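Numbering (this note's numbering), first residue to last: 51 to 304.
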Amino acid sequence: MALVAAAGLGLASCGTTSDGGSSDSASSDGGASCSGVSIAFFGPKTGDAANLGINIIGGVDVALKDYNDANPDCKVTLKEFDSQGDPEKATPLATQVINDKSIIGVVGPTFSGESDATGPAFSEAGLVTVSASATNPDLTKNGWKTFHRVLGNDATQAPAAAKYIKDNLKAKKVFVVDDASEYGKGIAEGVEKALGSSLVTGTDTVQAKQTDFGPTVTKVKASGADALWYGGYYAEAGLLVKQLRAAGWKGYFV
């Protein structure tokens with residue numbers, strides 16, 4: 051994904067003029083020559099979901115090195131924009147990206163919520179975005195002309211998760227929890243639907259940055275569930291499973 055974003059977008063911006071002819075920056079050997087070209091990373095570098103963003107940046111760094119080594123006359127740099135995965139922070143940050151004329155494409159946004167918040171602006175600006183992780187199915191139904199992603203959406207992931215729970219884990223009762231985020235709620239609803247009412251024994255919604263999951267733990271234990279599907283992110287998932295184990299629940303946490 052990062053290689054396509056860096057190399058494809060970089061070459062598209064270099065070496066040709068608007069009328070299709072060669073620009074003054076074209077190198078003498080026929081290769082592209084350019085300067086001041088960047089792509090942006092847009093997602094969390096800090097905050098509870100930082101690990102996801104940091105991993106994506108690592109992939110972009112590797113791809114950019116490969117591209118720049120192969121195209122020394124048209125090197126592309128990376129500019130990083132830390133949204134913390136927060137839609138409210140993402141909106142003004144998108145304006146910064148759009149106003150930076152050196153940026154020809156965006157790796158991100160990372161999350162569905164921030165993608166939903168910034169998609170109209172990026173589309174209006176004609177700035178290509180390629181997300182490695184935003185999976186809400188509705189993101190591609192908004193008429194945006196520049197949004198892309200490189201993974202299956204929740205409409206395909208949710209049935210696959212449900213199949214794994216049924217066929218591999220052999221769960222008989224499943225409790226479904228989501229964190230009320232665009233991603234978490236969407237995929238949890240998909241898993242619940244795919245599992246069917248005969249397997250789903252209860253549902254609950256928690257909140258981002260919640261630390262006490264006592265009420266949810268009580269519901270899970272009372273339901274008799276032998277598996278739990280959690281639609282959400284790392285920080286809350288870790289606390290929830292820790293509190294479930296402390297309360298004696300021994301089921302599968304997916």
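Ideal Cβ positions, reconstructed from N, Cα and C, are used throughout, including at glycine. Since we're looking at a predicted model, the values are computed, not measured.
Reduced DSSP secondary structure (H/G/I, E/B, other) of residue i
| i | result |
| --- | --- |
| T168 | helix |
| V200 | coil |
| L128 | strand |
| A212 | helix |
| V178 | coil |
| V256 | coil |
| T251 | strand |
| G81 | In this prediction, G81 has a pLDDT of 49, which is less than 50 and means its spatial position is unreliable; what the coordinates show is noted afterwards. G81 falls in the coil class under three-state DSSP. |
| Y233 | helix |
| Y302 | strand |
Pick from the options that is closest to residue i, judged by C-alpha positions
| i | options | result |
| --- | --- | --- |
| D254 | V178, V270 and Q207 | V270 |
| A182 | A175, Y214 and L201 | L201 |
| L102 | G246, G158, A140 and D116 | G158 |
| K95 | F197, D228 and G108 | G108 |
| D217 | F225, L245, F172 and Q207 | L245 |
| G274 | D228, G301, T145 and T190 | G301 |
| G155 | F92, E242, K191 and A272 | F92 |
| E286 | F263, T141 and A277 | F263 |
| V250 | V256, P265, V226 and Q260 | V226 |
Straight-line gap, residue i to residue j (C-alpha atoms, nearest Å)
| i | j | result |
| --- | --- | --- |
| F131 | G163 | 16 angstroms |
| S78 | D119 | Because S78 carries a pLDDT of 41, less than 50, the predicted location of this residue cannot be relied on, and the following value inherits that uncertainty. Roughly 18 angstroms separates the two Cα atoms. |
| A230 | V87 | 38 angstroms |
| N149 | P209 | 40 angstroms |
| E138 | A167 | 8 angstroms |
| V291 | K125 | 45 angstroms |
| A171 | T145 | 8 angstroms |
Buried versus exposed call for residue i [16 or more other C-beta atoms within 10 Å across all chains shown]
| i | result |
| --- | --- |
| N203 | buried |
| A297 | exposed |
| S248 | exposed |
| R295 | exposed |
| T206 | exposed |
Nearest-angstrom beta carbon gap, residue j and residue i [assumed within contact, 8 angstroms]
| i | j | result |
| --- | --- | --- |
| L128 | I89 | 6 angstroms |
Proximity test, Cβ basis, 8 angstroms: residue i and chain D
| i | result |
| --- | --- |
| L294 | No chain D appears in the structure shown, which is made up of a single protein chain. |
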